[in-house]
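Chemist: Going by my numbering, the residue at position 351 of the sequence shown is 346; the numbering climbs one at a time, nothing skipped. Note that the Cβ used here is the ideal one computed from N, Cα and C, for glycine as well.
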Amino acid sequence: MGKAKVAKKLLISSVVGCGVVASGASAFDYDVYGGAYMFSKIGFNNVKVNENTGKYPTDSWASIALDLNIKGSFVDGFTYGLGGMLSAPVWDPYQASYAYINGNARHSLNNNSNDEIGYRYYVLATAYLGYQFKNDTIDVGIKAGRFDDLNTDWFSGFGEGVKLWAGNDLIKFQFNWITRRAFAYNEWFYDFYSVGKADKWDYNRDFLVGAFDINVGDFNIKPQVWYHRNDYIAPGLNLGYTFDNGIVSAKTSAYSLFILSHKNLANGVGMYRNGTDNKLSTILIVKEDISHMGWDFGLGVRKNWGNPRGNSGMGQHGNPSGLDDWTASAGTKDFWGFDAWALNDINGWNAFTGWLSMGKAYESFDWNIIARVTTAKESDEQSIALNMGYNATEVIRLGLKLEWFNDISKRFERVNGVNLPSGNPYSAELQSIDKVRNDRSHAFLTFEYKF
């Protein structure tokens, strides 16, 4: 959708000495942009909560938001940005909007309620300074502060930290140091918070990410390494191939990540998070995207070996498959008795996911359908989502998603109100519960006005 933006340029002259002498000049550019937004989720399952049988309703809520930002350049190659967002819930029948908005961030291993920074209705999401030198042979730059163009496959949203890069069109190296993460979007609104675990209150374990981006003809190779102090190290490799003959264009992509988790003693029991004792967990994604005569088609598979979400959180901080893994229901409990935060099981324990998609874009209207099947240690899921968007004007866009979502939790067991997967060492004390089906079908309604 096009944007109508305010752009102006100022010419600043220096005055030196007693007389009025122009000693030099530099351009100062600025671009002011922002918008107004509304988001609603409507869950179609209104069953009453019953923790003993594993029955929970599908959450419903709505919010409004405003944002205002400025970005630009000064001197030659220097850039800056500053901006933020206000957001608040306006409808919340299940008191579950905290999972999406208001910055209710968690720091501890077990998401304890005392490790919260509280509700926030504003986020200063952008505040950075940068420098870039670029010509036909080299591209070198640095950006420091808060920004969302992180260019990282497994980490989305706004990051607080530093990004460095150097290279050219053939090969480029990028390094990211990320201390905290935030969201300032229509659906998601979180103030900056520690990602993963923290040693103590507000003491972050930073992300360090290094990657090479190599392009040889139509092929792309991207080796990378992720490091989270005292938590895990995760090497990965992306492979890509692009084909375009003017009639059909296709892109084949493969993403792999090998996560070596360290034993975490923060909960005092010497276990890996969520109980799995496998140090190594692996994520593999292979997908194909095809375009022909205005039609778009896609298919892909994703396989997890081990428990990447439980051991590290990797795979839910960012998801290069393009699938939305936050389509379940907030306020439910996962198999360890912790708030599931609306996560589906795409990134679950030993999960396998396959999907198909198709869609088409017209002058002011676009649509696509995504069908997904997931099977994992903890649940089986099937969903079909219809996404539609309409550009009413150059600055106003309306959106609607209708998703049928069948969620079948596999047999689990309970000790003192805490859910545990079958086969755990406390089986003699357990109350078993058979498979539970929850309807997670829902609708998203969105409104965006951008200037």
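Just to confirm my understanding: we take Pro84, look at its own chain, exclude 5 residues before and 5 after, and list those with CB closer than 8 Å. What are they?
Modeler: The count along the sequence shown starts at 1 and reaches residue 84 at position 89. Cβ neighbours of Pro84 beyond the five flanking positions: Trp56, Ala57, Ser58, Ser92, Ile96 and Asn97.
Chemist: So what's Ala94 in DSSP terms, helix, strand or just coil?
Modeler: For the purposes of this step, residue 94 is identified with residue 99 of the sequence shown, where counting begins at 1. Looking at Ala94 - three-state DSSP - the assignment turns out to be helix.
Chemist: Given this structure, state the Cα-to-Cα distance separating Asn419 from Gly384, to the nearest angstrom.
Modeler: Reading the sequence shown from its first residue, position 424 is the one you call residue 419. Reading the sequence shown from its first residue, position 389 is the one you call residue 384. Because Asn419 sits at a pLDDT of 49, beneath the cut-off of 50, its placement in the model cannot be relied upon, and the following sentence gives the value as read from the coordinates. Roughly 46 Å separates the two Cα atoms.
Chemist: Closest to Arg175 by CA distance: which of Leu159, Arg367 and Ser151 is it?
Modeler: For the purposes of this step, residue 175 is identified with residue 180 of the sequence shown, where counting begins at 1. Closest by alpha carbon: Ser151.
Chemist: Taking only the alpha-carbon atoms, compute the straight-line gap between Lys246 and Leu294 and give it to the nearest angstrom.
Modeler: Translated into positions along the sequence shown, residue 246 becomes position 251. Translated into positions along the sequence shown, residue 294 becomes position 299. Roughly 11 Å between the two C-alpha positions.
Chemist: Using the DSSP secondary-structure output, state which residues sit across from Arg463 in a beta bridge.
Modeler: Nothing can be reported for residue 463: it is not among the residues displayed for the chain, which extend from -4 to 446.
Chemist: What would DSSP say about Arg115, mapped onto helix, strand or coil?
Modeler: On the sequence shown, residue 115 is found 120 positions in, with the first residue counted as 1. Looking at Arg115 - three-state DSSP - the assignment turns out to be coil, as it is neither helix nor strand.
Chemist: Strictly by DSSP, which residues pair up with Leu300?
Modeler: What you label residue 300 is simply residue 305 of the sequence shown in a count that begins at 1. Correcting the residue identity first, residue 300 is Trp in this sequence and not Leu. DSSP, once it has assigned bridges, lists Thr277 as partnering Trp300.
Chemist: Under 8 Å: do the segment 62 to 70 and the segment 19 to 34 share three or more Cβ pairs, one atom per stretch?
Modeler: Contact between the segment 62 to 70 and the segment 19 to 34 is present, because at least three Cβ pairs lie under 8 Å.
Chemist: Roughly how many whole angstroms lie between the Cα atoms of Met309 and Lys43?
Modeler: Here residue 309 refers to the residue found at position 314 of the sequence shown. Here residue 43 refers to the residue found at position 48 of the sequence shown. Whole-angstrom Cα-Cα distance: 33 Å.
Chemist: Between the alpha carbons of Lys282 and Asp239, how many angstroms are there, rounded?
Modeler: The count along the sequence shown starts at 1 and reaches residue 282 at position 287. The count along the sequence shown starts at 1 and reaches residue 239 at position 244. Near 17 Å, if we compare the C-alpha coordinates of Asp239 and Lys282.
Chemist: Given that a residue counts as buried once 16 or more other Cβ atoms are within 10 Å of its Cβ, and exposed if not, what is Thr348?
Modeler: Walking along the sequence shown from the start, residue 348 turns up at place 353. Thr348 comes out buried.
Chemist: Would you call the CB atoms of Ile364 and Pro303 closer than 8 Å?
Modeler: Residue numbering aside, residue 364 sits at position 369 when the sequence shown is read from its first letter. Residue numbering aside, residue 303 sits at position 308 when the sequence shown is read from its first letter. It is not a contact, given that the beta carbons lie outside the stated cut-off.
Chemist: Would Gly154 pass as a contact of Lys138 if the rule is Cβ separation under 8 Å?
Modeler: For this step, residue 154 is matched to residue 159 along the sequence shown. For this step, residue 138 is matched to residue 143 along the sequence shown. No, the pair does not count as a contact, with Cβ atoms beyond the cut-off.
Chemist: Which whole-angstrom value describes the C-beta separation of Asn342 and Gln311, a residue pair presumed to lie in contact below a C-beta threshold of 8 Å?
Modeler: Indexing the sequence shown from 1 puts residue 342 at position 347. Indexing the sequence shown from 1 puts residue 311 at position 316. About 5 Å; that satisfies the 8 Å criterion.
Chemist: Out of Asn299, Ser307 and Ser286, point me to the one whose CA is closest to Phe202's CA.
Modeler: Walking along the sequence shown from the start, residue 202 turns up at place 207. Nearest option by C-alpha distance: Ser307.
Chemist: DSSP on Met33, reduced to helix/strand/coil?
Modeler: By one-based count along the sequence shown, residue 33 stands at place 38. If DSSP states are grouped into helix, strand and coil, Met33 belongs with the strands.
Chemist: Within 10 Å of its beta-carbon, does Pro88 have 16 or more other beta-carbons around it, so buried, or fewer, so exposed?
Modeler: In the sequence shown, residue 88 corresponds to position 93, counting from 1. Classification for Pro88: exposed.
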